[in-house]
Amino acid sequence: MRDRSFEALRGLVDTAGESGLLGDLVVAARDRAFVGRAAERALFRSALAGDSAGVPVLYLHGPGGIGKSALLKWFAGAARAAGRLVVEVDGRTVPATPEDFEQATGRAIGEPGSVLLVDAFETCQGLEHWLWEHFLPRLPQGAVAVVAGRTAPDPLWVADPGWADLLHVVPLRNLSRDDASTFLRVRGVPAAAHPALLAFTGGNPLALSLAAAVAVQPDADGAPRAADWSPGQDVVATLLPRLVGDPPSPAHRAALEVCAQADVTSEALLRVMMGERAADLFTWLRNQPFIESTSSGLFPHDVVREVLVADLRWRDPDGFAALHQRMYQYLLGRVREASDAQVVQAMQALTYLQRAFGRLSETFAWDARGLVRELPCAPADQGRVVELAEEAEGAESAAIVRFWLDRQPEAFKVYRSARTDDIVAFSATLRFSSPEGEDVDPVVAAGWAHARAVKPLRAGEYLSVARFHVDPGTYQRPSASMNLFQWRLFGDIIRADHLAWSFTVMRDDGFWNYHFELGGMMPTDARPVVGDHGYRLFAHDWRVQSASAWVEEKTDALLASADTAMLSPSGGSAPERVEHVVLSRPEFDAAVRDALRALWWPSELDANPLSRVRLVTEHGQSLGDVLSHAVDALLEERGGDRRHQVLTTTYSKDAPTQEAAARRLGMSFSTYRRHLAAGVKRVSDVLWSHELSGTPILPEVDTG
Numbered sequence: 001m002r003d004r005s006f007e008a009l010r011g012l013v014d015t016a017g018e019s020g021l022l023g024d025l026v027v028a029a030r031d032r033a034f035v036g037r038a039a040e041r042a043l044f045r046s047a048l049a050g051d052s053a054g055v056p057v058l059y060l061h062g063p064g065g066i067g068k069s070a071l072l073k074w075f076a077g078a079a080r081a082a083g084r085l086v087v088e089v090d091g092r093t094v095p096a097t098p099e100d101f102e103q104a105t106g107r108a109i110g111e112p113g114s115v116l117l118v119d120a121f122e123t124c125q126g127l128e129h130w131l132w133e134h135f136l137p138r139l140p141q142g143a144v145a146v147v148a149g150r151t152a153p154d155p156l157w158v159a160d161p162g163w164a165d166l167l168h169v170v171p172l173r174n175l176s177r178d179d180a181s182t183f184l185r186v187r188g189v190p191a192a193a194h195p196a197l198l199a200f201t202g203g204n205p206l207a208l209s210l211a212a213a214v215a216v217q218p219d220a221d222g223a224p225r226a227a228d229w230s231p232g233q234d235v236v237a238t239l240l241p242r243l244v245g246d247p248p249s250p251a252h253r254a255a256l257e258v259c260a261q262a263d264v265t266s267e268a269l270l271r272v273m274m275g276e277r278a279a280d281l282f283t284w285l286r287n288q289p290f291i292e293s294t295s296s297g298l299f300p301h302d303v304v305r306e307v308l309v310a311d312l313r314w315r316d317p318d319g320f321a322a323l324h325q326r327m328y329q330y331l332l333g334r335v336r337e338a339s340d341a342q343v344v345q346a347m348q349a350l351t352y353l354q355r356a357f358g359r360l361s362e363t364f365a366w367d368a369r370g371l372v373r374e375l376p377c378a379p380a381d382q383g384r385v386v387e388l389a390e391e392a393e394g395a396e397s398a399a400i401v402r403f404w405l406d407r408q409p410e411a412f413k414v415y416r417s418a419r420t421d422d423i424v425a426f427s428a429t430l431r432f433s434s435p436e437g438e439d440v441d442p443v444v445a446a447g448w449a450h451a452r453a454v455k456p457l458r459a460g461e462y463l464s465v466a467r468f469h470v471d472p473g474t475y476q477r478p479s480a481s482m483n484l485f486q487w488r489l490f491g492d493i494i495r496a497d498h499l500a501w502s503f504t505v506m507r508d509d510g511f512w513n514y515h516f517e518l519g520g521m522m523p524t525d526a527r528p529v530v531g532d533h534g535y536r537l538f539a540h541d542w543r544v545q546s547a548s549a550w551v552e553e554k555t556d557a558l559l560a561s562a563d564t565a566m567l568s569p570s571g572g573s574a575p576e577r578v579e580h581v582v583l584s585r586p587e588f589d590a591a592v593r594d595a596l597r598a599l600w601w602p603s604e605l606d607a608n609p610l611s612r613v614r615l616v617t618e619h620g621q622s623l624g625d626v627l628s629h630a631v632d633a634l635l636e637e638r639g640g641d642r643r644h645q646v647l648t649t650t651y652s653k654d655a656p657t658q659e660a661a662a663r664r665l666g667m668s669f670s671t672y673r674r675h676l677a678a679g680v681k682r683v684s685d686v687l688w689s690h691e692l693s694g695t696p697i698l699p700e701v702d703t704g
């Protein structure tokens, strides 16, 4: 926490070197600007002095906005005032590899008495083991290192007897009420405004800084605002313009609103949302003091993000819904187009957009992102996968894992710790176009039994079984590996072609029932038992409603009401949708023949089962239009003009008898019948292909 004079003086001291007079001025300025953290400052002073109460390594951790960066800046000032070499590293700007980290911090290793300050360590948490095993021990005696991040240190590091007298872990909390009041007084906030600001911020340093910046700003006529300012129900709308300033234009405000909703805002996202001005707006965002940057893009401070979102929802609910829908469509498109290596990241971005809706936050561990990475299961990994299965699920489950590793090794993913590179979890989603392994795996057998009983697979379709997610440390609970598993699972479903059924299995303890039901994965009657454990199978027929259609329906419902309980599978009313049907190929072909004969009779078309297949219901076209587009598509095929002519003559509005149609076309009746049968079959083939893939059949465009 520092004021503008502190920043200006910091630049001067870097150029002035050891000048005692300027150093005294810097120290005085820092003392005036900084409030609180007395215990932490005392620890650092002891470390600098090398006295008995000091330790050479401090690890600060706490949530975003708690004041870690400000405290590190105070440490830097104190160390420079003591004549120490200070090396400052921001984890967000250094690639998380040992080589890059050493390059950024190398001067600290070679300088006795150096001070190393590492900020935002959570962005390179995977280096933690290397840091305390290989890097920090190489610091010269008399050096001091401070590491600050959002995540607490590894318990193994804390428990290591070699570090017992060398490491002090400091969790940072909100400022006490007395310190927060002092902070407001130092910032020039009138005492009359203190109670309201303290109640609003709760002592959070970032919120205090933002609120104080508002409270000391005068009105346009120069009169102070703070004395009569108080947060009310419209506090967000009142406060936000003063927190982020006055955006230069509506486009700049809209860019802020995009940045607040997205997990990370790239220039590409802004280009889709904002058009040609994206580059300028991205540069403007990057220069705002409340915006941070990573290798993937930009994001606002946590408090600013939430206030921006709340303001838009309060001020313009329709605008919020429209922006959300446009961002959703873009991010959903990225998932559909993602490669196998990109789909997890794309699905993470889509899920983050929906994070505040319903009870979605209960199923993801957002603070665990980056702790593990997903990789294909290599042959050398299979032994560890079997070990994990036996540890978490028992010997019978481990034998089933071996069975599927032999037959579908490509279905398995492993999750390696970013810290140690050890395999800590695995998952497997099996794929079947025909039955296999039912005599070995009760879960797969239950999936096939359900599919046969409800709606069997048709030619060209397949079913998937998300058979394993095993992480013994956090078994089937929200965790870093579960995040990746879920993003992969639903990302693959959204991208799938010809997927009929998907099944997911979880331990039968009830934890996931609500969440999977909300996600359209309904529990089946089967409760297979493997070893000593019972499991629950959840199923969805994606021919009845595709993944994209389901996500759109849920998004619309969530935006339509602030009461997310309306989405409960067991209560409330969700938006109405058409009841879909799934037809076998013979049923489909018969329906096509009947529909062509009824092409000009709307009531008969409405009664035709084709009117309720997803090819018709999900793309905003009538059955008549779909049939007409399919018939016209014959013109683009070799020899299709004759079949098109026969079909349009036979099924025209003033359709003659088939004998009269043959005479009109100048064909023998047998030749006519042959072309008619070929035309009907080809139309059915075209429609069936689009029904399986879930893609619309579009009218032919006349390019003239």
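Once you know that position 631 of the sequence shown is 631 in the numbering used here, the rest is easy, because the numbers rise by one and skip nothing.
A virtual CB, placed ideally from N, CA and C, is assigned to each residue, including glycine.
On a predicted model such as this, the values are computed, not experimentally measured, just so you know.
Keeping to the same chain, check which residues put their C-beta closer than 8 Å to that of residue i; ignore five residues upstream and five downstream.
| i | result |
| --- | --- |
| residue 274 | 251, 254, 255, 258 and 281 |
| residue 546 | 614, 618 and 694 |
| residue 51 | none |
| residue 168 | 43, 55, 57, 58 and 59 |
| residue 94 | 100, 101, 104 and 124 |
What is the C-beta distance between residue i and residue j, in whole angstroms, given that I count them as a contact (C-beta under 8 Å)?
| i | j | result |
| --- | --- | --- |
| residue 91 | residue 118 | 6 Å |
| residue 405 | residue 385 | 7 Å |
| residue 185 | residue 203 | Not a contact, Cβ separation roughly 14 Å. |
| residue 205 | residue 175 | 6 Å |
| residue 462 | residue 498 | 6 Å |
| residue 312 | residue 320 | 5 Å |
| residue 189 | residue 216 | 6 Å |
| residue 548 | residue 494 | 6 Å |
| residue 427 | residue 468 | 6 Å |
| residue 260 | residue 308 | 4 Å |
| residue 688 | residue 543 | Incorrect: roughly 12 Å between the Cβ atoms, too far for contact. |
Using a Cβ-Cβ cut-off of 7 Å (strictly less than) and excluding sequence neighbours within five positions of residue i, which residues of its own chain qualify?
| i | result |
| --- | --- |
| residue 151 | 61, 122 and 125 |
| residue 563 | With a pLDDT of 37 at residue 563, under the threshold of 50, the modelled position of this residue cannot be trusted; read the value that follows with caution. Nothing meets the Cβ criterion. |
| residue 278 | 267, 270 and 271 |
| residue 233 | Since pLDDT at residue 233 reaches only 42, below the 50 mark, its modelled position is unreliable, and the value read off the structure follows with that caveat. Excluding sequence neighbours, residue 233 sits near nothing in its chain. |
If you count every other CB in all the chains shown that lies within 10 Å of the CB of residue i, and 16 or more means buried, which is it?
| i | result |
| --- | --- |
| residue 337 | exposed |
| residue 40 | buried |
| residue 342 | exposed |
| residue 229 | Because the pLDDT at residue 229 is just 48, under 50, the model does not fix this residue reliably, and the value given afterwards should be weighed accordingly. Counting Cβ neighbours within 10 Å, residue 229 comes out buried, since at least 16 surround it. |
| residue 524 | buried |
| residue 134 | exposed |
| residue 326 | exposed |
| residue 567 | Only weak support exists for where residue 567 lies, its pLDDT of 37 falling under 50; the value from the coordinates is given anyway. It counts as buried. |
| residue 622 | exposed |
| residue 538 | buried |
| residue 697 | buried |
| residue 362 | exposed |
| residue 646 | buried |
| residue 128 | buried |
| residue 454 | exposed |
Run through the DSSP bridge pairs and tell me what residue i is partnered with.
| i | result |
| --- | --- |
| residue 90 | 119 |
| residue 501 | 463 and 541 |
| residue 535 | 507 |
| residue 212 | DSSP lists no partner for residue 212. |
| residue 189 | DSSP, once it has assigned bridges, lists no residue as partnering residue 189. |
| residue 374 | 415 |
| residue 58 | 146 and 168 |
| residue 437 | For residue 437, which the question treats as bridged, DSSP gives no partner whatsoever. |
Looking only at its chain, what residues have a beta carbon closer than 6 Å to the beta carbon of residue i, apart from the 5 residues adjacent to it on each side?
| i | result |
| --- | --- |
| residue 161 | none |
| residue 699 | 629 |
| residue 305 | 260 |
For residue i versus residue j, is the C-beta spacing smaller than 8 Å?
| i | j | result |
| --- | --- | --- |
| residue 608 | residue 591 | yes |
| residue 624 | residue 599 | yes |
| residue 721 | residue 88 | It is not possible to answer for residue 721, since the shown part of the chain is limited to 1 through 704. |
| residue 145 | residue 139 | yes |
| residue 484 | residue 374 | yes |
| residue 396 | residue 530 | yes |
| residue 45 | residue 78 | yes |
| residue 464 | residue 471 | no |
State yes or no: is the C-beta of residue i nearer than 7 Å to some heavy atom of the ligand GDP?
| i | result |
| --- | --- |
| residue 632 | Absence of the ligand GDP from the depicted structure is noted, as is the absence of any ligand whatsoever, leaving it without description. |
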